[in-house]
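The numbering used here applies: residue 192 is where the sequence shown begins, and numbers increase by one.
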Amino acid sequence: MAIFNRNDKVADTDYSTKELTKVSQGTSFTGDVVSECNLLIDGEINGNILSKASVTIGAKGKVEGKIAASKIIISGFFKGELEGETVELSSTSNVIGDIISDKLVIEDGGNFEGYSKKRKSNEYLSMKEDEEEKVNSYDDKEEDE
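1) Looking at the structure shown, is D293 part of a helix, part of a strand, or coil, going by DSSP?
2) Using the C-alpha atoms, what's the distance from G238 back to I258?
3) Measuring only the C-alpha atoms, how far is K311 from K294?
4) Which whole-angstrom value is the C-beta distance of I248 and L273, which I expect to be below 8 Å?
5) Around the Cβ of T283, are there at least 16 other Cβ atoms within 10 angstroms (buried) or fewer (exposed)?
6) How big is the Cα-Cα spacing for V214 and G300?
7) Consult DSSP for N239 and reduce its assignment to one of helix, strand or coil.
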């Protein structure tokens, strides 16, 4: 579980097990992100994120789209759909949308407007299946050329 610092309200997680990709404050882009490493977002992303590791939206971060990851920690703004084993909303979080998770933690003061569903143990990340279909269709197009 993440540790939330009461002074600056920044989620802290253990990034030592995988590499870290950071989207810094002042950076914004539109598009999908597929990553096997941890992702820390202090900037803005408009698109979908698929990660086998942890995705953290910092207090200044903003994401609109879908996130599917092993662990999701929100301290900033998110609008869309979250799916993960663990989803944690800090006291500074503002989440509008749906959450599908095994474990949902909302710190006192965290804002969540939407629908929450407990994921069944045999469910897989729906975005992962969608991404595999995209990759397969892309590979088919390359073979046709």
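Here a beta-carbon is modelled for each residue, glycine too, at the ideal position from N, C-alpha and C.
Bear in mind the structure is a predicted one, so any value in this text is a computation, not a measurement.
Taking the coordinates as given:
1) Position 102 of the sequence shown holds residue 293. Three-state result, D293: strand.
2) Sequence index remark: in the sequence shown, residue 258 carries index 67 (1-based). Sequence index remark: in the sequence shown, residue 238 carries index 47 (1-based). If you take the alpha carbons of I258 and G238, they lie about 9 Å apart.
3) Looking up residue 311 in the sequence shown gives position 120. Looking up residue 294 in the sequence shown gives position 103. Each residue's alpha carbon lies about 11 Å from the other.
4) Numbered from its first residue, the sequence shown carries residue 248 at position 57. Numbered from its first residue, the sequence shown carries residue 273 at position 82. With a Cβ gap of about 10 Å, I248 and L273 do not count as contacting.
5) Here residue 283 refers to the residue found at position 92 when the sequence shown is read from its first residue. Counting every other CB atom within 10 Å of its CB across the protein chains shown gives T283 a total of 16 or more, marking it as buried.
6) Position 23 of the sequence shown, counting from 1, holds the residue named residue 214. Position 109 of the sequence shown, counting from 1, holds the residue named residue 300. If you take the alpha carbons of V214 and G300, they lie about 25 Å apart.
7) In the sequence shown, counting from the first residue as 1, residue 239 sits at position 48. DSSP, read as helix, strand or coil, puts N239 in coil.
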